[in-house]
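Participant: If you want this note's numbering, it's the position in the sequence shown, counting the first as 1, plus 22. Built from N, CA and C at the ideal position, the CB exists for glycine as well. Dropping the structure in here first, questions after.
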Amino acid sequence: MSREYALDRYRNIGIIAHIDAGKTTTTERILFYAGKTYRIGSVDDGTTVTDWMVQERERGITIVSAAVSAEWKGYQINLIDTPGHIDFTAEVQRSLRVLDGGVVVFDATQGVEPQSETVWRQADRYKVPRICFINKMDRVGASFEGSIQSIKDRLGANPIAMQLPIGFEAAFKGAVDLVTMKAILFEDELGKEPIVTDIPADLVKEAEEARAKMIEQVAELDDDLIVKYLENEPISEEELKAALRRAVIASKATAVFCGSSLKNKGVQPLIDAVVDYLPSPLDVPAVKGTHAKTGEEIERHPDDDAPASALVFKIVTDPYVGRLAYIRVYSGVVKQGGQLLNPGKDKKERVGRLIRMYADRREDIEEVRAGDIAAILGLKYSFTGDTLSDSDKPIVLESISFPEPVISVA
Ligand code: GDP
Numbered sequence: 023m024s025r026e027y028a029l030d031r032y033r034n035i036g037i038i039a040h041i042d043a044g045k046t047t048t049t050e051r052i053l054f055y056a057g058k059t060y061r062i063g064s065v066d067d068g069t070t071v072t073d074w075m076v077q078e079r080e081r082g083i084t085i086v087s088a089a090v091s092a093e094w095k096g097y098q099i100n101l102i103d104t105p106g107h108i109d110f111t112a113e114v115q116r117s118l119r120v121l122d123g124g125v126v127v128f129d130a131t132q133g134v135e136p137q138s139e140t141v142w143r144q145a146d147r148y149k150v151p152r153i154c155f156i157n158k159m160d161r162v163g164a165s166f167e168g169s170i171q172s173i174k175d176r177l178g179a180n181p182i183a184m185q186l187p188i189g190f191e192a193a194f195k196g197a198v199d200l201v202t203m204k205a206i207l208f209e210d211e212l213g214k215e216p217i218v219t220d221i222p223a224d225l226v227k228e229a230e231e232a233r234a235k236m237i238e239q240v241a242e243l244d245d246d247l248i249v250k251y252l253e254n255e256p257i258s259e260e261e262l263k264a265a266l267r268r269a270v271i272a273s274k275a276t277a278v279f280c281g282s283s284l285k286n287k288g289v290q291p292l293i294d295a296v297v298d299y300l301p302s303p304l305d306v307p308a309v310k311g312t313h314a315k316t317g318e319e320i321e322r323h324p325d326d327d328a329p330a331s332a333l334v335f336k337i338v339t340d341p342y343v344g345r346l347a348y349i350r351v352y353s354g355v356v357k358q359g360g361q362l363l364n365p366g367k368d369k370k371e372r373v374g375r376l377i378r379m380y381a382d383r384r385e386d387i388e389e390v391r392a393g394d395i396a397a398i399l400g401l402k403y404s405f406t407g408d409t410l411s412d413s414d415k416p417i418v419l420e421s422i423s424f425p426e427p428v429i430s431v432a
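Right, dumping it as structure tokens:
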């Protein structure tokens with residue numbers, strides 16, 4: 023069986039946010055738009071979102087499952103849950119260990135808050151490339167500019183505004199895409215596609231200035247682009263996006279977008295940005311580990327033909343199916359019915375069932391390939407942080423360290 027998606031079409035990401043910034047709402051909206059099954063039997067037959075969410079909860083699958091898969095324009099997006107509360111610092115680190123990129127959600131009226139600072143530092147520590155979503159743009163006192171400034175000042179990051187908001191507070195309507203120089207206007211109604219149109223006349227000058235600033239910021243970070251920029255040569259949209267992608271993946275910059283997830287505004291461009299700017303498993307460094315017996319250092323690449331290696335990042339007892347071990351596969355293929363070694367415990371484990379979680383259903387799958395995420399049912403000895411590996415080529419992946427929680431003071 024070959025892959026449904028090429029490896030460069032996977033995005034293992036987490037939505038990272040301080041509590042109350044809108045992580046749940048943003049995640050729900052992403053899953054609404056990207057969870058293809060939602061369209062069937064929800065919007066089409068007129069079921070309201072709220073009803074639909076209640077139904078999902080009753081069925082016992084919540085969007086805060088440890089990892090949920092969705093599909094967007096031919097890409098598989100695996101959303102890994104990252105707890106937002108300070109008490110879960112160790113848990114945040116566990117999930118940061120297995121994701122390749124993050125969307126950091128901020129409240130536009132608050133900008134950077136103490137707890138967003140904490141998670142940002144943790145993401146720095148694990149070198150997780152990030153893009154930012156300035157949410158709640160509809161609220162009184164919302165400021166895209168101010169939020170970006172606080173990302174710069176308080177986080178010492180290099181934010182690059184990729185949009186210019188259209189309308190303020192209650193009149194927030196959409197955003198100018200500074201790459202395409204088109205206005206994207208959103209309808210309040212969930213499920214409606216945004217209208218792509220010309221930039222409103224009164225915003226043209228501001229948008230041009232914002233675009234020039236964005237290009238300059240991106241060019242400064244890219245050896246190829248800076249030459250063109252300085253020579254005043256035309257820079258195509260593709261070149262610009264590719265250069266920004268390199269900068270974000272190298273954690274030299276973070277691309278910033280705006281919206282209001284509660285009002286269904288700005289979410290589709292955000293998912294596009296996940297695909298455009300966050301890394302695939304091929305873009306991140308090979309995972310390191312040690313040979314379970316000899317202690318020799320080994321690197322594993324996201325290659326289906328390599329010996330299997332996977333990390334258990336969360337154990338969940340699901341009331342319906344039992345003990346689920348969420349794994350990220352780093353190399354090789356984990357097969358349903360197959361056997362793996364837990365080298366740390368020196369125990370053989372049988373892969374009973376392999377399950378992919380969607381927001382509204384579970385699906386049994388036959389295998390999970392390098393770079394992908396799924397849950398195993400039937401493991402007896404393995405816990406969070408354990409490695410599972412090919413029995414003949416045992417590797418223990420770099421363990422997750424749990425330093426003292428970082429407590430930030432308001
Ligand atoms: P979480 O704690 O980060 O998961 O945040 P939630 O998604 O639960 O949102 C926190 C509160 O903010 C809830 O009352 C939401 O309804 C509200 N909220 C989320 N997004 C927006 C938004 O874009 N605009 C407004 N006005 N409220 C929002």
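Taking 8 Å as the threshold (C-beta atoms), are K158 and D129 in contact?
Facilitator: yes
Participant: Given a threshold of 16 other Cβ atoms within 10 Å of its Cβ, counted over all protein chains shown, does K336 qualify as buried or as exposed?
Facilitator: With 16 or more other Cβ atoms within 10 Å, it is buried.
Participant: By a C-beta neighbour count over all protein chains shown, 10 Å radius and 16 as the cutoff for buried, is T202 buried or exposed?
Facilitator: exposed
Participant: Can you tell me whether E388 is buried or exposed? The criterion is at least 16 other CB atoms within 10 Å of its CB, across all chains shown.
Facilitator: exposed
Participant: At a threshold of 7 Å, does G163 count as lining ligand 1 (C-beta to nearest heavy atom)?
Facilitator: no
Participant: Which complete beta strand (DSSP E) runs does the stretch 342-368 hold, if anything under 3 residues is left out?
Facilitator: 344-353, 355-357 and 361-364
Participant: Who pairs with M379 in a beta bridge, going by DSSP?
Facilitator: R384
Participant: Flag L207 as yes when its Cβ comes closer than 7 Å to any non-hydrogen atom of ligand 1, and as no otherwise.
Facilitator: no
Participant: Straight-line CA distance for L29 to S273?
Facilitator: 21 Å
Participant: Can you find a heavy atom of ligand 1 that lies under 7 Å from the Cβ of D42?
Facilitator: yes
Participant: Could you give the DSSP three-state label for K310: helix, strand or coil?
Facilitator: strand
Participant: Counting only runs of 3+ residues fully inside the stretch 186-243, write out the beta strand (DSSP E) ranges in chain order.
Facilitator: The beta strand (DSSP E) runs lying completely inside the stretch 186-243 and spanning 3 residues or more are 196-199, 204-207 and 217-219, given in chain order.
Participant: Does the distance from the CB of V134 to the CB of I38 come in under 8 Å?
Facilitator: no
Participant: Taking 7 Å as the cut-off, does the CB of L284 come closer than this to any heavy atom belonging to ligand 1?
Facilitator: yes
Participant: For S331, report the span of its beta strand (DSSP E) as first-last.
Facilitator: S331 to D340
Participant: Going by DSSP, what residue range makes up the alpha helix (DSSP H) through G400?
Facilitator: Bounds of any alpha helix (DSSP H) do not take in G400, whose DSSP letter is neither H nor E.
Participant: Which residues mark the beginning and the end of the beta strand (DSSP E) in which L101 is found?
Facilitator: Y97 to I102
Participant: Do V198 and I188 have their C-beta atoms within less than 8 Å of each other?
Facilitator: Their beta carbons are under 8 Å apart, which means V198 touches I188 by this criterion.
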